[in-house]
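Worksheet: one structure, shown below.
There are 2 protein chains.
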Amino acid sequence: MLFPEGVAIDGISGEVTPSTDRYTKKLSELSGLFHDAAAFDKVVAEGGDPIAYEVVDYRKQECDICFGTTIMMPGQVGGEYFMTRGHFHERKDCGEGYYTQSGEGLLLLESREGEVRTVEMKPGICAFIPPEWAHRSINTGSEKLVFVWFCATDAGHDYGTIRERGMRKLVVERDGRPAIIDNPNFA
Amino acid sequence: MLFPEGVAIDGISGEVTPSTDRYTKKLSELSGLFHDAAAFDKVVAEGGDPIAYEVVDYRKQECDICFGTTIMMPGQVGGEYFMTRGHFHERKDCGEGYYTQSGEGLLLLESREGEVRTVEMKPGICAFIPPEWAHRSINTGSEKLVFVWFCATDAGHDYGTIRERGMRKLVVERDGRPAIIDNPNFA
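These protein sequence lines map, in sequence, to chains Z and P. Residue numbers for the first sequence follow UniProt numbering, so the first one is 1 and each next one is one higher. Residue numbers for the second sequence follow UniProt numbering, so the first one is 1 and each next one is one higher.
Written as structure tokens, this is what we have:
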């Protein structure tokens, strides 16, 4: 039987207390994600394979919904900002909310039909992610980007689709600001 | 087809922009909820039937999850703090999250089996509400209590069970602080 509980969310560090699970993605685990492979190898080697992001879960299998945080470090690879892998949900009826707590970023979304949208990520904005829209978050700032996510417990993650063909757009720094450009490698 | 969107949530006012729906509960609509019926009539009459709380929705029927805010005014009726009606979900597998943005309160919960729990509501605490736990939020502070909720779009509300028999506990002010006492009227 499940019991109610107060879960502390630190909007600056992203810590979730208590949490049920967590994982860390080091930059080296994001091989193939960035446009500039040589720059990627260099940042991994010279930066000591930094952490790119962490995901902390509060997830109970007996409950239909779950939540947690994503903590994204600032950084760039060849002008591209640090980003998450990007995924569709396995369940085609499942959306998600990304409620930014601190930092700044862009949420890059792409529908199954190939439409592209972005949503600004900043404190006080809850991004609504409809079903069947792949989503990737991108830290465009100089501090951590921390957001609370909430979705169905069994929404599932399809990372493969985006890993294989990339997304149609890249988010890069141009003149000190984020710019959205076509991905020349989009398959 | 649904499109992504950035939804602004004001953690102080509770405003949601854009929102899809909202409702306001005036105190008079909460008749029968408070222990002291005479005090209730007096507060309604002398206070000009104040707003007790508002609920603002961001809800798309084609998406499995939804979110919004609840904005609870401070106030008391015969020593009992302003509270929401309290409800179970109609779908027995549906939980909910209540993420407090500002103010202070108590979340009072009661399982189908009659177990009682409370969770402190204050900024940074996300209350986890498991399936099959009735929940009522109570503003124990002197300011608005604002929280973001998220749950399944079709979780449904069963208000009747609590309306008919009440909850096992009352939350009242004692020596300037909230105290949890037995409800003498619990049926």
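Glycine residues also receive a C-beta, built at the ideal position from the N, C-alpha and C atoms. Keep in mind that this is a model prediction, so the values were computed, not measured.
Exercise. With distances taken Cα to Cα, identify the nearest neighbour of Met72/Z among Lys42/Z, Ser31/Z, Thr20/Z and Ile12/Z.
Key: Ile12/Z
Quiz item: What does Arg59/P touch in chain Z if you count any residue whose Cβ is under 8 Å from its own?
Solution: None at all; the shortest Cβ gap to chain Z is about 10 Å.
Self-check item: For Gly79/Z, the three-state DSSP class (helix, strand or coil)
Solution: coil
Exercise. Give me the Cα-Cα distance between Tyr98/P and Glu132/Z, rounded to the nearest whole angstrom.
Key: 26 Å
Quiz item: Which term fits Ala52/Z, buried or exposed, when burial requires 16 or more other beta carbons within 10 angstroms of its beta carbon?
Solution: buried
Exercise. Note down the Cα distance separating Lys42/P from Asp175/P, rounded to an integer number of angstroms.
Key: Cα-Cα distance, rounded: 22 Å.
Quiz prompt | Proximity below 7 Å, CB of Glu173/Z to CB of Ala134/Z | solution = no
Quiz prompt | Interface positions of the region 5-18 of chain P facing chain Z (Cβ-Cβ less than 8 Å), listed along the chain | solution = Glu5, Gly6, Val7, Ala8, Ile9, Asp10 and Gly11
Practice problem: Give the interface partners of Ile65/Z over in chain P, defined as CB-CB distance under 8 Å, in chain order. | Solution: Below the 8 Å Cβ cutoff, chain P contributes Ile65, Cys94, Gly95, Glu96, Gly97, Phe150, Cys151 and Ala152 as neighbours of Ile65/Z, in chain order.
Quiz item: Short check: CB of Glu62/P to CB of Leu2/P, under 7 Å?
Solution: yes
Exercise. Find out if the Cβ-Cβ distance for the pair Gly68/Z, Gly103/Z is shorter than 7 Å.
Key: In this structure, Gly103/Z does not lie closer than 7 Å to Gly68/Z by Cβ.
Self-check item: Own chain, CB closer than 8 Å to Phe186/P, minus 5 neighbours either side, in chain order
Solution: Arg165, Gly166, Met167 and Arg168
Quiz prompt | Within-7 Å CB hit, Phe40/P to chain Z | solution = False, the Cβ-Cβ gap to chain Z never drops below 7 Å.
Quiz item: Measuring CA to CA, which of Trp149/P, Ile162/P, Thr161/P and Gly32/P is closest to Glu54/P?
Solution: Trp149/P
Exercise. Using a Cβ-Cβ cut-off of less than 7 Å, list which residues of the region 123-135 of chain P approach chain Z; keep chain order.
Key: Gly124, Ile125, Cys126, Ala127, Phe128, Ile129, Pro130, Pro131 and Trp133
Quiz prompt | Inter-residue spacing [alpha-carbon to alpha-carbon] between Thr17/P and Leu30/Z | solution = Approximately 35 Å, taken between the alpha carbons.
Quiz item: Does the distance from the CB of Glu90/Z to the CB of Asp182/Z come in under 7 Å?
Solution: no
Quiz prompt | Where Val119/Z meets chain P, residues with beta-carbon distance less than 8 Å | solution = Pro4, Glu5 and Gly6
Quiz item: Whose CA, out of Lys26/P, Leu145/P, Ile129/P and Gly160/P, lies closest to the CA of Pro50/P?
Solution: Lys26/P
Quiz item: Which one of Val77/Z, Val171/Z, Val146/Z and Ile180/Z has the shortest CA to CA distance from Asp10/Z?
Solution: Considering only Val77/Z, Val171/Z, Val146/Z and Ile180/Z, the residue with the shortest C-alpha distance to Asp10/Z is Val146/Z.
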